[in-house]
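Reading through the structure tokens given below for one structure.
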Amino acid sequence: MAPPASSRRSRRPAPELLFGDLWPYDPAPETADPRIRAEYDLFIGGRFVPAADGTRFTSINPATERPLTELARGGPADVDAACRAAASAFPRWSRLPGAERGKYLFRLARLLQDRAREFAVAETMDNGKPIRETRDFDVPSAAAHFFYHAGWADKLAYLAPGRTVAPLGVVGQVIPWNFPLLMLAWKIAPALAAGNCVVLKPASNTPLTAVKLAELLQEAELPPGVVNIVTGPGATGAHLLAHPLVSKVAFTGSTEVGKVILRSVAGAGKRLTMELGGKAANIVFADAPLDQAVEGIVNGIFFNQGQVCCAGSRLLVQESVAERVVAQLRRRLRVLRVGDPLDKNTDLGAIVSREQRDVIRGYLRAGVAEGAELWQAPFRAPARGFYVPPAVFTGVTQSHRIAREEIFGPVLSVLTFRTVEEAVEKANNTPYGLSAGVWTDKGSLILRLATELRAGVVWANTFNKFDPASPFGGYKESGFGREGGRHGLLDYCAVA
Amino acid sequence: MPRLPVTKTPKPYVGGAFIRSESGRTRPLADATGTFFAHVPLCTRKDLRNAVEAAAKAGPGWARRTAYNRGQILYRLGEMLEARRTEFAAALTRFGARRAAALREVDAATDRLVHYAGWADKYEQLLGGVNPVSGPYFNFTVSEPMGVIGVLAPAEPPLLGLLSLVAPVIVSGNTVVALASEPRPYPAILLGELLATSDLPAGVVNVLTGLRADLVPTFATHAHLRGLSAVADAAERRVLDLGAAESVKRVRYTPDAPLAAWLREAAQGLEPIRAFIEPKTTWHPIGA
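The listed protein sequences derive, respectively, from chains C and H. The numbering used here puts the first residue of the first sequence at 33, with every later residue one more than the last. The numbering used here puts the first residue of the second sequence at 37, with every later residue one more than the last.
Written out as structure tokens, the structure is:
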């Protein structure tokens, strides 16, 4: 019997519309004023103060390589002052009724919403990520984190029924450059809701929205010392996390640096939350809705230029559909727009720094040298700035460095599998275990993989979704502790 | 003529079998009166690695058991300990515990097993859940076991201390390699014999005897141990933390404390279980 006409039609490849350069997009720059000052100081004890040694460093816009602002270069003396400010604020802050603490956090959420556009532009200029992402994801999610945790502040007793829950004291927090404001919110909001005080060091590449947030802390009339922000180099962060007044360490960054931090606080009895690297597998089965899967693959690895710890950097695709998926993927990537991050039509912006761009290029060379086949979307590089067009490696094996190491860039490695068992084994064959993706139409297969994949977050028929109520964090060398939800909040509490 | 009693060779319990140390090393153990009791094996790094292998092999099967089944197996252990109450108490008094304290310790150990048996099919409803995300997604968090966990038992109390650390770890589907009390290893040896005749699958709990100085560094660095639950002094904690950093291992310390502290209700509960589970969050779109 002949298959029905509709099915015959669906076997024929869809005709491709080739626009070429016929109809270019007009520039659509976001023009809101980011209100960036020429100089920023440290925020310690509720006041802006220069670094003890008076030094400064420059933050540049990676899309233009032009300087954005000058920031105080905090050092050990500044960390010490910030920790002491936090410690002296702690008794009052932790004894404040939870409902009152919560109201400060509600205020912060609202203030951030009020100035959302301004923060989005500032974040894009400091980090290089597209305005579409900062406007629609980073800033609203950061506000949502404050709002979510605000509501917890007077409900801590419900976290651990039958036990008492208490804050830990001064929390030292060091955050990365990939989601500067959002990571700040992930860190500060639960710490404050639980009654802790905070010293936070933003990444040296992307300190701008943290110091801008300090302005909101003042507008919210947060008691002095409850949150202190010390900008500076990595060494300042190391100093903060090892500081004797810090009773809880919360770090997001690479596994390599995470291990250095773990060694530096060995034996100190500090509580730890480590959010480290990943090498997520995105598994596509033959029965998956392939158009949606391709969108998910693109979102999984090219969101934020692939500079995401949970990026779906290993595509595991079932052999029977591999060619089709790769072809569809290339067609989709050809029309992604790489360029000016402030343009509202931009899909991929700039890489955060020259160093990171060079790291990514190094992996591209390594992949080719090890025998994988590199394909990159056609791309006209802007005159200045750090850009890498979407890259897809095929013919990748599990031993290739591009399939083992976290690249933190828009580089996808495609591997194939035949059976479910093989997919699971390949997905789990990594020291990391942060996230994984599964694409299939079969519910029972999703639940099986959700059980067998060793990863803290499993996205089924979706990828790179985040929410303040959803615990995020890894297995194995992707770190420990969770952020978000009840789980994340408990990691900022002592349960007795 | 009085009958000559048959003495027992104490053997660690690994992979469901009673082993001697591969090194052949032992140390003489005297009882509280100073009388020679037996030669106790001094397990080595190699023994520890073998035990981790046994525990890793037992892991997937144990984790796949239903929570109800794990609960019944833990409860059965409690039943058996109750039945051998006087034998265990005698093992404690022989090495210095007063009779009343020994009975209290054994009874508390039995009650602790029963306590955790009851947790097996309950912790998930308290630790996991459905998360109300702001979008059309069904989002839920479940608790999964971490894998093989190392347990460093305190010197005192030798039975209750060990069981208080082991029970909350295995109840969620982890498997354990434990190092018994260094000065009083015999109750742990006896516990191994109890485990061997229980319904606990071979390899789920492995009990080594030996010197902490020999074994703590390997507990710290063994990459297949995903977590450590330990009573340890400051110097050991440093060694454990440094080693754990290499494979980002989860570490939980319980303070060294006298029997009275281990008897308290606060010494058990959900927190020791929570320390050795991994929350896993799954997202799925809601729609066609």
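We treat Cβ as the ideally placed atom computed from N, Cα and C, and that holds for glycine. Nothing here was measured: the structure is a model prediction, and the numbers come from that model.
Integer Cβ distance of residue i from residue j, believed to fall under 8 Å
i                  : j                  : result
Ala-261 of chain C : Ala-235 of chain C : Looking at the sequence shown, residue 261 of chain C is not Ala but Ile. Not confirmed; about 12 Å, so no contact.
Gly-246 of chain H : Met-182 of chain H : Incorrect: roughly 24 Å between the Cβ atoms, too far for contact.
Pro-26 of chain C  : Gly-371 of chain C : Nothing in the structure corresponds to residue 26 of chain C, since chain C is present only between 33 and 528.
Pro-48 of chain H  : Pro-172 of chain H : Contact flag wrong, Cβ pair sits at about 54 Å.
Glu-307 of chain H : Val-527 of chain C : 5 Å
Val-278 of chain C : Val-230 of chain C : Val-278 of chain C to Val-230 of chain C, Cβ: 10 Å. No contact.
Pro-237 of chain H : Ala-94 of chain H  : 6 Å
Pro-255 of chain C : Arg-124 of chain C : 7 Å
Phe-138 of chain C : Ala-174 of chain C : 14 Å between Cβ atoms; not a contact.
Ser-385 of chain C : Pro-239 of chain C : That pair is no contact at about 13 Å.
Val-142 of chain H : Pro-190 of chain H : Actually they do not touch by this definition, with Cβ atoms about 16 Å apart.
Leu-226 of chain H : Val-243 of chain H : That pair is no contact at about 10 Å.
Among the options, the one whose alpha carbon lies nearest that of residue i
i                  : options                                    : result
Ser-510 of chain C : C:Gly-488, C:Arg-142, C:Arg-67, C:Phe-179  : C:Gly-488
Thr-448 of chain C : C:Gly-399, C:Glu-351, C:Gly-371            : C:Glu-351
Ile-315 of chain C : C:Leu-294, C:Tyr-72, C:Val-470             : C:Val-470
Glu-454 of chain C : C:Leu-485, C:Tyr-464, C:Gly-520, C:Gly-513 : C:Leu-485
Gly-154 of chain H : H:Ala-74, H:Ala-293, H:Ala-203, H:Glu-282  : H:Ala-203
Ala-226 of chain C : C:Lys-311, C:Ala-70, C:Gln-339, C:Pro-129  : C:Pro-129
Ala-84 of chain C  : C:Gly-106, C:Thr-90, C:Ser-91              : C:Gly-106
Val-243 of chain C : C:Arg-124, C:Ala-223, C:Glu-71             : C:Glu-71
Glu-272 of chain H : H:Ser-283, H:Arg-288, H:Ala-91             : H:Arg-288
Val-259 of chain C : C:Ala-318, C:Ala-121, C:Glu-327, C:Gln-337 : C:Ala-121
Ala-318 of chain C : C:Asp-473, C:Arg-142, C:Gly-269            : C:Asp-473
Arg-121 of chain H : H:Val-205, H:Leu-196, H:Met-37             : H:Leu-196
His-177 of chain C : C:Gln-145, C:Ala-221, C:Glu-253, C:Tyr-136 : C:Ala-221
Phe-80 of chain C  : C:Pro-66, C:Glu-97, C:Ala-113, C:Thr-90    : C:Ala-113
Asp-277 of chain H : C:Ser-286, C:Leu-294, C:Ala-274            : C:Leu-294
Leu-143 of chain C : C:Leu-365, C:Glu-253, C:Gly-78, C:Trp-218  : C:Glu-253
Alpha-carbon spacing of residue i relative to residue j, whole angstroms
i                  : j                  : result
Ala-118 of chain C : Arg-100 of chain H : 46 Å
Thr-63 of chain C  : Arg-369 of chain C : 19 Å
Leu-103 of chain C : Arg-88 of chain C  : 5 Å
Ala-68 of chain H  : Asp-269 of chain H : 25 Å
Leu-522 of chain C : Leu-191 of chain C : 7 Å
Glu-165 of chain C : Glu-115 of chain H : 59 Å
Ala-126 of chain H : Pro-500 of chain C : 55 Å
Glu-218 of chain H : Met-306 of chain C : 33 Å
Ala-232 of chain H : Phe-54 of chain H  : 9 Å
Pro-265 of chain C : His-271 of chain C : 10 Å
Cys-342 of chain C : Val-452 of chain C : 22 Å
Ser-208 of chain H : Ser-265 of chain H : 14 Å
Leu-295 of chain H : Arg-112 of chain H : 24 Å
Gly-310 of chain C : Ile-309 of chain H : 26 Å
Gly-51 of chain H  : Val-241 of chain H : 8 Å
Gln-220 of chain H : Pro-194 of chain H : For the sequence presented, residue 220 of chain H should be read as Arg rather than Gln. Whole-angstrom Cα-Cα distance: 6 Å.
Gly-323 of chain H : Phe-174 of chain H : 10 Å
Pro-312 of chain H : Lys-291 of chain C : It is worth fixing the name first, because residue 312 of chain H is Phe in this sequence and not Pro. Phe-312 of chain H and Lys-291 of chain C: Cα-Cα distance of roughly 20 Å.
Asn-210 of chain H : Ala-87 of chain H  : 14 Å
Thr-429 of chain C : Ala-435 of chain C : 7 Å
Leu-84 of chain H  : Pro-253 of chain H : 11 Å
Val-132 of chain H : Pro-223 of chain H : As written in the sequence, residue 132 of chain H is Gly, which differs from the Val given in the question. Cα-Cα distance, rounded: 12 Å.
His-519 of chain C : Tyr-507 of chain C : 14 Å
Glu-327 of chain C : Arg-346 of chain C : 15 Å
Contacting residues, own chain, Cβ-Cβ under 6 Å from residue i (five flanking each side not counted)
i                  : result
Ala-246 of chain C : Phe-75, Ile-261
Arg-167 of chain C : Ala-152
Val-490 of chain C : Ala-468, Ala-482
Trp-55 of chain C  : none
Lys-280 of chain C : Leu-200, Val-203, Arg-303
Val-171 of chain C : Ala-148, Phe-151, Ala-152
Gly-134 of chain C : Ala-182, Ala-185, Asp-186
Residue i beta carbon near the ligand ADP (any heavy atom closer than 7 Å)
i                  : result
Leu-214 of chain C : Within the structure as shown, the ligand ADP is missing, as the structure has no ligands at all.
Cβ-based neighbour list, residue i, same chain, cut-off 8 Å, excluding 5 preceding and 5 following
i                  : result
Leu-348 of chain C : Ala-313, Asn-314, Ile-315, Val-316, Leu-447, Thr-448, Phe-449, Ala-455, Lys-458, Ala-459
Ala-297 of chain H : Pro-291, Ala-303
Lys-44 of chain H  : Ala-74
Arg-286 of chain H : Met-182, Arg-262, Gly-263, Leu-264, Ala-280, Ala-311, Phe-312
Contacting residues, own chain, Cβ-Cβ under 7 Å from residue i (five flanking each side not counted)
i                  : result
Pro-373 of chain C : Ala-95, Thr-156, Gly-160, Lys-161, Pro-162, Ile-163, Gly-381, Ala-382
Thr-284 of chain C : Ile-207, Pro-208, Met-215, Glu-307
Gly-332 of chain C : Asn-314, Ala-343, Gly-344, Gly-469, Phe-495, Asn-496
* To do: Return the chain-ordered ranges of every alpha helix (DSSP H) run that is complete within the region 376 to 458 of chain C and spans a minimum of 4 residues.
  => 386 to 401, 433 to 436
* To do: Kindly provide the ranges of any beta strand (DSSP E) runs that are 3 or more residues long and lie completely inside the region 213 to 281 of chain C, ordered along the chain.
  => 229 to 233, 259 to 261
* To do: For the region 302 to 379 of chain C, list the alpha helix (DSSP H) runs that are entirely contained and at least 4 residues long, ordered along the chain.
  => Taken in chain order, the complete alpha helix (DSSP H) segments of 4 or more residues contained in the region 302 to 379 of chain C are 322 to 334, 351 to 366.
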